[in-house]
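Number of protein chains: 2
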Amino acid sequence: MVPRGRPRDTQVDERVLRIATALMLERGYTGLSIDELAEQAGVAKTTLYRRWPTKDHLAVAVVARLQADDEITDTGDIRADLVNYLEKIAAGLNRMRAAGQRQGPSAGAVGELVAAAARHEDIGRLTREQYAKRNAVALALIERARLRGELRADLDAEALFDQMAGALYYRVMITGAPVDRAYAERLVSSALEGSLTCQ
Amino acid sequence: MVPRGRPRDTQVDERVLRIATALMLERGYTGLSIDELAEQAGVAKTTLYRRWPTKDHLAVAVVARLQADDEITDTGDIRADLVNYLEKIAAGLNRMRAAGQRQGPSAGAVGELVAAAARHEDIGRLTREQYAKRNAVALALIERARLRGELRADLDAEALFDQMAGALYYRVMITGAPVDRAYAERLVSSALEGSLTCQ
DNA sequence: CCAATTACGAAACTGTAGTTGCGTAATTCT
DNA sequence: AGAATTACGCAACTACAGTTTCGTAATTGG
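From first to last, the protein sequence lines stand for chains A and B.
Going by our numbering, the first residue of the first sequence is number 2, and it counts up by one from there.
Going by our numbering, the first residue of the second sequence is number 2, and it counts up by one from there.
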C-alpha cells in the first residue's frame, strides 16, 4: 500500500515540533503564535494545519514529547516499585509544568492538556486511552504484589493507584505544591499503611 | 469611603454571569462569544472588559458559581465525615463537568479552570488560596479525629487528604471515570485502612 | 508519456478576543 | 453651580486562529 500522491516532507514534523517546544517553553501556550511558528519553521500555515487541525492538537503533540516513557519496574518490593514509578510520573509532570507561564507555581502545559482534552473529543479519547494503558500496567504490578502476599487480599487496587497518581496531579494542577521523590515516599507510605489506629 | 465617580450598574454583573453560564452550559467555553454575550446582556463590550479583563477571568467567575460551598460536618465519625465531604466535592466537580463540550466523558469547565490558572498569575493565586482554605478545613477535621484517637498518631494528614481529593480530580480531569458517593466510599476505605497485609 | 493524486506555498479571507478613542451620563467634592 | 471622576455605549481598530483559493511540485499507476 504505497500512498498515491506527493509524499509528505517528514522533516517538517520534527522541525516544527522542536521549534514549537522551544517557543512554548519560552512563552507558554498563549504566547505561541501559529503564524510566527510557520515563519520560523520555514513552512506555510497550510502545511501546519494539514498535520495538526488546531493549535490545541499541536500543543498536545508538543506536550506528549515532554512526557517520560514511564517504564515500570517490578523488584518484588511493592513499596520501592511504587515510589520509583510515582517519581517518574512526577518528573514528567515537572517537565510539563515548565512549559507554561514563567511566573510562580503553575500547572503549565498540564493544564493546557486537560483543557484540550475537554475541548476536543479526539484528544480526550487519545489521552484517556494513554492513561488507561498506564493504569493497567500499575494495576498489574499491584495485583502481583497482592498475589504474593505483600498486600492485603481485599484491597481496592483501582482506588489505591488513583489515590497516589491523583495526589500528584492534584498538587501540580490545583494547589501548586511541589512533587518530588520525598512526596512520592510520603504518598506510598500513607496509602499502604492507612490512617486508622488499629484493625 | 464612598467611591468618586459614576457608580457601576450592579445588575450588570449578575445578568452577564447568568447569561454566560447558560451559554457555557450550552456550547462550552470555546462556543461562548464575547460579542454575542455583550449583545444578549444588552451592554457594550467595554463594560464586560471593565469587570473581567479576559474571557478566562469571566469563565472562572462562571465556574466559581457552579462550585458548592462545601461545608464540612464533624459528627465524630471521621469515616462518615470524609465520605460526606468528598461527595460534596464530587457534586461540584460533576456540575462543572457539565459546562463543557457535550460529548462523552470530559473534564468540561474544570479543565478550563486549570488552564486559566496556569495562564494568568492572578487566577492561579486566587484558586490556590481558595484551595488552601478548603485544605485547612479538611486538615483540621482530620487532626481532631487524630487527637481523639480515631486515627493513628503518626499519620500524614496532608498526604491523606491529597490522596482522596486528588483521586476525585484525577478521575474527572484525566481518566474520565465517574465520581459519585460509591467511589467516595471506596476512596475513604482504601485510604483509612491501607493496603498492607498487616502491621 | 500522461492522468490522477497528494503536498506545498502564497495570499486573501473570516471570526473572535482584546484595545482605543470619544462623546455622554451619573456621581462626589468643593 | 461647577470641576473632577468614574461608568457606559459605540465604533473603529489590531492580533491571531483557522479557512479558502489557486498555482505549482512530487509521486504513482496505466
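Glycine residues also receive a C-beta, built at the ideal position from the N, C-alpha and C atoms.
Here the structure is a predicted model, which is why all the values come from computation and not from measurement.
Nearest-angstrom Cβ-Cβ length linking residue i and residue j, presumed shorter than 8 Å
i: LEU161 of chain A; j: ALA192 of chain A; result: 6 Å
i: ARG96 of chain A; j: ALA108 of chain A; result: With 8 Å as the limit, ARG96 of chain A and ALA108 of chain A do not qualify as a contact, their Cβ atoms being about 13 Å apart.
i: ASP155 of chain B; j: ALA168 of chain A; result: No, ASP155 of chain B and ALA168 of chain A are not in contact; Cβ-Cβ is about 19 Å, not under 8 Å.
i: MET25 of chain B; j: ALA100 of chain B; result: 5 Å
i: TYR171 of chain B; j: TYR171 of chain A; result: 7 Å
i: ASP10 of chain A; j: ARG52 of chain A; result: ASP10 of chain A to ARG52 of chain A, Cβ: 10 Å. No contact.
i: VAL173 of chain A; j: VAL84 of chain A; result: Wrong, their Cβ atoms sit about 18 Å apart, outside the cutoff.
i: THR198 of chain A; j: LEU152 of chain B; result: 6 Å
i: LEU87 of chain A; j: MET165 of chain A; result: 6 Å
Beta-ladder partner(s) of residue i, from DSSP
i: LEU152 of chain B; result: A:LEU197
Among the options, the one whose alpha carbon lies nearest that of residue i
i: ASP123 of chain A; options: B:PRO106, B:GLN41 and B:GLU194; result: B:PRO106
i: ALA137 of chain A; options: B:LEU67, B:THR176, B:VAL189 and B:ARG16; result: B:THR176
i: ASP78 of chain B; options: B:MET174, B:GLY150, B:ALA183 and B:GLY167; result: B:GLY150
i: GLY93 of chain A; options: A:ASP14, A:THR76, A:GLU72 and A:ARG80; result: A:GLU72
i: GLN68 of chain B; options: B:ARG9, B:TYR132, B:GLU15 and B:PRO179; result: B:TYR132
i: ALA81 of chain B; options: B:LEU197, B:ALA183 and B:SER196; result: B:ALA183
i: ALA178 of chain B; options: A:VAL84, A:LEU33, A:VAL189 and A:GLU130; result: A:GLU130
i: LYS56 of chain B; options: B:SER34, B:VAL173, B:ASN85 and B:THR48; result: B:SER34
i: GLN12 of chain B; options: B:GLY32, B:MET2 and B:THR48; result: B:THR48
i: LEU18 of chain B; options: B:MET165, B:THR128, B:ARG66 and B:MET174; result: B:ARG66
i: LYS89 of chain B; options: B:GLU186, B:VAL3, B:ALA141 and B:ILE20; result: B:GLU186
i: ILE180 of chain A; options: A:ALA91, A:LYS46 and A:GLY32; result: Residue identity check: residue 180 of chain A is Val in the sequence provided, not Ile. Checking every option, the nearest Cα to that of VAL180 of chain A belongs to A:ALA91.
N-terminal and C-terminal residue of the alpha helix (DSSP H) that residue i is part of
i: ILE20 of chain A; result: 11 to 28
i: ILE35 of chain A; result: 35 to 42
i: ASP82 of chain B; result: 79 to 99
i: ALA166 of chain B; result: 158 to 171
i: ASP57 of chain A; result: 56 to 67
i: GLY112 of chain A; result: 110 to 120
i: ARG7 of chain B; result: From DSSP, ARG7 of chain B is part of no alpha helix (DSSP H); its letter is neither H nor E.
i: THR31 of chain A; result: Taken as a continuous stretch (DSSP letters only), THR31 of chain A belongs to no alpha helix (DSSP H), as it is neither H nor E.
i: THR47 of chain A; result: 46 to 52
Rounded separation between residue i and residue j - CA only
i: GLU27 of chain A; j: GLU40 of chain A; result: 17 Å
i: GLU37 of chain A; j: TYR50 of chain A; result: 14 Å
i: ALA42 of chain A; j: ARG5 of chain A; result: 26 Å
i: PRO8 of chain B; j: ARG16 of chain B; result: 17 Å
i: GLU144 of chain B; j: ALA158 of chain B; result: 7 Å
i: THR22 of chain A; j: ALA60 of chain A; result: 8 Å
i: VAL189 of chain A; j: ASP75 of chain B; result: 27 Å
i: PRO54 of chain B; j: ARG126 of chain A; result: 33 Å
i: VAL64 of chain B; j: HIS58 of chain B; result: 10 Å
i: ALA139 of chain B; j: GLU194 of chain B; result: 18 Å
i: MET2 of chain B; j: LYS134 of chain A; result: 60 Å
i: ALA45 of chain B; j: GLY32 of chain B; result: 19 Å
i: ARG120 of chain A; j: LEU142 of chain B; result: 37 Å
i: THR128 of chain B; j: ALA62 of chain B; result: 11 Å
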